[in-house]
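Sequence order for the protein chains is P and Z. With our numbering as the guide, the letters of the first sequence map in order to residues 1 to 178. With our numbering as the guide, the letters of the second sequence map in order to residues 1 to 133. Quick notes on the structure that follows.
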Amino acid sequence: MAQDRKIQFSTQVVPKIEFQRAARAGVLEEYDRTQAAYQHNKLHTSVNKTLGGNGYIDVNATQADDSWTSFIAPAADWDSNLSQWEAATDTWDGIITISSSLVQLTSNSNTMAFCYIKNTGTNTVKVTLEYGAGSPTYPMKVKGGASVQFRGNGINTNKIGVIRDSSDSTIEYVIAKT
Amino acid sequence: MATNDVTLTYKNSCTPQELDSGGTRWFMDSDCGRKLSGNSVLSGEMGNTLVYVAAGDVTDSTAIDLQTGFDFFYLKCVSGDDVKLSFDGGSNYLVLLSVGEAFASYVDSSAADIKFLTATGGGSSVVEYLTVT
């Protein structure tokens, strides 16, 4: 059992806009410095800076069970893995396959402190905060390689679900209770 | 890409940590074993209308309602009290941000109104937000 747990997290956003640099004349006596027009990205002129934030959150030292992450730690060895293999919900490589059926990240109903989901595949997946609802909405989309994270505000851990957008993909996740 | 097209690069990362049994040092959590991070570039899959507000004021009774139809959404609690965020038009505020924290996500078209306001009764906050449509 862990003594204590916390999660540090950060978000960064770089907004850019496509910009055309005009052609530039520059013929000198001995050589030509003329530049043709070209396209490039620069920081978006409405923002003019990068955006972001960071924080940390204390989470419960004793999580409900191993399903609070999709991982089995790299340091774990077979003998020290106390899970009943046939009852374990985590996967050896920490990768969960996401298809057309909505996947509930954990069935444990605890007040959620923090959730992190990364799309480790190549196809977009969608995240719902209302697993079990008749017609859940999926406000967040996660492209291949991207991740999404958020602190909970009165939401339970069993309400988080993930489904594919159009083709199967894979995810890894952390979902911690308060 | 054409002139004035918008591109967004964004990254969300976290590091689960665990205190040792002596209560003196924090290590990477032994259940995860590493830092976690994902990033993405959004360009062609988004619109090109970017709206950025550097300092928006919210209270517990005055929400900012961004309506629907966004491709990307970013929100930061710059100062004041905690801010709570709704993706269903204000029926449920399920995401919380404290001062200095930010949220960023590619948004699905099925999301209802994005609304946010302070989580504390009588509180007020300054937020920074960005949308791309």
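All residues carry an ideal CB built from backbone N, CA and C; glycine is no exception.
Residues of the region 10–25 of chain Z with a C-beta less than 7 angstroms from any C-beta of chain P: 10, 11, 12, 13, 14, 15, 16, 17, 18, 19, 20, 21 and 23, listed in chain order.
The three-state reading of DSSP puts residue 131 of chain Z in strand, counting E and B together.
Bridge pairing for residue 47 of chain P: absent [DSSP]. Secondary structure at residue 20 of chain Z: coil, using DSSP grouped into helix, strand and coil. With respect to chain Z, the C-beta atom of residue 25 of chain P has no partner C-beta closer than 9 angstroms.
With its beta carbon at least 9 angstroms from every one in chain Z, residue 30 of chain P lies outside the interface. Taking a Cβ-Cβ threshold of 7 angstroms, the residues of chain P close to residue 98 of chain Z are 55, in chain order. Nearest neighbour of residue 16 of chain P by Cα position, chosen from Z/11, Z/48, Z/57 and Z/75, turns out to be Z/48. Where residue 39 of chain Z is concerned, the enclosing beta strand (DSSP E) starts and stops at 36–42. Collapsing the DSSP output to three states places residue 159 of chain P in a helix. Contact between the region 110–127 of chain P and the region 49–60 of chain Z is absent: fewer than 3 CB-CB pairs across the two stretches fall below 8 angstroms.
Distance from the CA of residue 77 of chain Z to the CA of residue 40 of chain P, rounded to the nearest whole angstrom, comes to 32 angstroms. Closest by C-alpha distance to residue 118 of chain Z, out of Z/75, Z/7 and Z/14, is Z/75.
A contact is defined here as three or more CB-CB pairs under 8 angstroms, and the region 100–108 of chain Z meets this definition with respect to the region 145–158 of chain P. With a threshold of 9 angstroms between beta carbons, residue 102 of chain P makes no contact with chain Z.
Under the Cβ distance rule, residue 40 of chain Z counts among the residues neighbouring chain P, one pair being separated by less than 9 angstroms. Secondary structure at residue 147 of chain P: strand, using DSSP grouped into helix, strand and coil. Chain Z has a Cβ within less than 9 angstroms of the Cβ of residue 116 of chain P.
Inclusion of residue 10 of chain Z and residue 56 of chain Z in the CB contact set at 9 angstroms is not warranted, their separation being larger than that value.
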